Amino acid sequence: MKILFTGGVTGGHFYPIIAVAEALHDKVREEKILDPKLYFASPNPYDKEMLVANDITFVPTSAGKLRRYFSILNFFDYFKTAWGITESVLRTFFLYPDVVFGKGGYGSFPTLLAARLFRIPVVIHESDAAPGRVNMWAGKFATKIAISYPEAAEYFPKDKVAFTGNPVRKSLMLPAREGMHEFLKLERDVPVIYVTGGSQGAEAVNEAILAALPELVEKYQIIHQAGDLNIKEVTQRARVALVDSVHKDRYKPYAYLNDQALRMTAGVAQLVISRAGSTIFEIALWGIPSIIIPIPEPISHDQKKNAFAYARSGAATVIEQTNLTPHLLASEITRILSNTQLHASMGTAARGFARADSAGLVADALLNIGLSHER
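Basically the numbering used here = 1-based index in the sequence shown + 19.
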């Protein structure tokens with residue numbers, strides 16, 4: 020059996036695919052069936068080492084982004100997409116997978132179109148409360164549609180939809196339970212806040228944290244994933260902001276946290292401040308209360324809906340970026356961490372929102388559909 024994964028060019032598309040691949044490998048071992056050959060079609064591999072570790076062959080595929088605003092880049096990207104469609108049709112013809120799994124995003128469009136032309140079964144997964152354009156289109160011919168938020172069901176044919184939650188990699192499911200303070204060099208009796216802007220970082224979140232930093236480190240420790248592009252500036256500005264503080268060591272900036280560091284952080288953090296992408300589902304599995312700051316529209320059409328859908332569960336509060344100020348952020352942090360009952364109820368709500376079996380549910384669908392097509 021051959022399974023072809025395809026998705027956009029962000030961690031929000033890539034990491035759920037890895038989670039599904041892990042679940043597929045587990046299931047074929049448990050059920051003693053032949054291990055499927057796995058492929059990943061996208062404009063870039065995102066993380067080559069992770070693809071190799073999961074026996075996934077990378078298939079480079081050109082694709083252009085259609086922006087929701089005027090840009091001369093749209094003109095050039097039309098040609099990238101046209102070339103990507105040609106590539107995908109030829110490669111799909113020779114590869115001829117038994118099922119195609121699409122995560123959405125412009126990077127998946129050429130491969131999904133080729134699958135439709137060859138009538139290859141398609142399974143799509145929608146991570147957001149409001150689907151993107153590629154998944155909205157693919158939902159019309161997909162065999163099965165997996166969704167992360169119940170709110171997304173209204174956009175697709177009801178008989179095809181399955182509420183699975185969002186696949187999370189096995190290495191991130193369980194927070195560490197010992198050695199966290201030593202590993203991260205933290206004080207034991209001071210609450211810890213984890214700040215992340217997702218795989219790319221988030222400048223607006225970074226700005227608010229830096230402005231509030233002198234006040235925050237008086238009461239809290241901050242683990243801050245600032246992003247590769249921002250880490251140098253963030254570190255320099257934090258050093259200036261905390262020059263007179265006796266608690267400057269309570270601020271821990273990182274460009275990126277690997278899986279081990281992230282598990283350690285999840286095991287010690289009392290609060291997470293995050294964007295409203297796929298990180299929400301990791302936070303939910305960890306059972307940690309959160310403050311969600313969605314990327315504003317029109318930059319992202321989906322994050323605001325994601326944020327409020329998650330907040331309705333009681334697991335998080337939302338601060339829209341237009342309202343974000345250092346004072347408001349610091350006040351909301353204190354409100355949650357100083358109220359033991361509120362903090363506990365938010366953690367319980369987060370665990371209730373999580374779906375630990377998400378990757379397995381998607382893997383089952385791919386195996387069942389792929390085996391049927393193979394016959």
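Positions of the beta carbon are idealized from the N, C-alpha and C atoms, including for glycine.
Note that the structure is a prediction, hence the values are computed from the model and not measured.
Return the Cβ separation of Ser127 and Glu145 in integer angstroms, given the expectation that the two are a contact with Cβ distance under 8 Å.
12 Å between Cβ atoms; not a contact.
Contact belief for Pro345 with Ala227 at Cβ below 8 Å, rounded distance in angstroms
Contact between Pro345 and Ala227 holds, since their C-beta atoms are separated by about 5 Å, short of 8 Å.
To the nearest angstrom, report how far apart Lys177 and Leu343 are at their CA atoms.
In this model, Lys177 and Leu343 are separated by some 38 Å (Cα to Cα).
Alpha carbon to alpha carbon, how far is Asp66 from Gly333? Give it in angstroms, no decimals.
When only Cα atoms are considered, Gly333 and Asp66 end up about 34 Å apart.
Using DSSP with H/G/I as helix, E/B as strand and the rest coil, what is Glu145?
Three-state result, Glu145: strand.
What are the start and end residues of the alpha helix (DSSP H) that includes Ala82?
Boundaries cannot be given for Ala82, as no alpha helix (DSSP H) includes it and DSSP labels it neither H nor E.
Neighbour-count burial assignment, Ile52, 16 or more Cβ in a 10 Å radius:
With a 10 Å radius around the Cβ and a threshold of 16 neighbouring Cβ atoms, Ile52 comes out exposed.
Within this structure, are the beta carbons of Tyr275 and Ile242 separated by less than 8 Å?
Going by C-beta atoms, Tyr275 is not nearer than 8 Å to Ile242.
Tell me which same chain residues have a C-beta within less than 7 Å of the C-beta of Pro433, skipping the five on either side of it?
Residue 433 is absent from the structure shown; the chain starts at 20 and stops at 394.
Check the Cβ-Cβ distances between Pro345 and every residue of chain D, and say whether any is below 8 Å.
Of the protein chains in this structure there is only one, and it is not chain D.
If you draw a straight line from the C-alpha of Gln240 to the C-alpha of Leu290, how long is it?
For the pair Gln240 and Leu290, the Cα-to-Cα distance works out to about 11 Å.
Determine contact between the stretch 277-293 and the stretch 248-257, defined as no fewer than three beta-carbon pairs at a distance below 8 Å.
They do not touch, by the three-pair rule.
Using the rule of at least 16 other Cβ atoms within 10 Å of the residue's Cβ for burial, across every protein chain shown, is Pro272 buried or exposed?
Taking a 10 Å sphere around the C-beta of Pro272, we find 16 or more other C-beta atoms and assign the residue as buried.
Going by Cα to Cα distance, which pick from Ala134, Phe372, Thr29, Lys84 is closest to Asn106?
Per the sequence shown, residue 106 should be read as Glu rather than Asn. With distances taken between CA atoms, Glu106 lies nearest to Ala134 out of Ala134, Phe372, Thr29, Lys84.
If you count every other CB in all the chains shown that lies within 10 Å of the CB of Asn16, and 16 or more means buried, which is it?
Residue 16 lies beyond the stretch modelled for the chain, which goes from 20 to 394, so this question has no answer here.
Quick one: residues in its chain with C-beta nearer than 6 Å to the C-beta of Asp147, no 5 flanking neighbours on either side, listed in chain order?
Around Asp147: Asp321, Asn325.
Residue closest to Lys19, alpha-carbon to alpha-carbon, out of Tyr125, Phe77, Leu380, Arg110:
Residue 19 lies beyond the range of the chain shown here (20 to 394); nothing can be said about it.
Between the Cα of Ala378 and the Cα atoms of Met192, Pro64, Leu136, Val187, which residue gives the shortest distance?
Cα-wise, what sits closest to Ala378 is Val187.
Where does Leu193 sit, in a helix, a strand or coil, going by DSSP?
Of the three classes helix, strand and coil, the one that applies to Leu193 here is coil, per DSSP.
Hey, quick one: how far does the alpha helix (DSSP H) through Thr336 stretch, first residue to last?
For Thr336, no alpha helix (DSSP H) encloses it; the enclosing beta strand (DSSP E) starts and ends at 335-337.
Which runs of the beta strand (DSSP E) fall wholly inside the stretch 233-268 and span at least 3 residues, in chain order?
For the stretch 233-268, whole beta strand (DSSP E) runs of length 3 or above, ordered along the chain, are 240-244.
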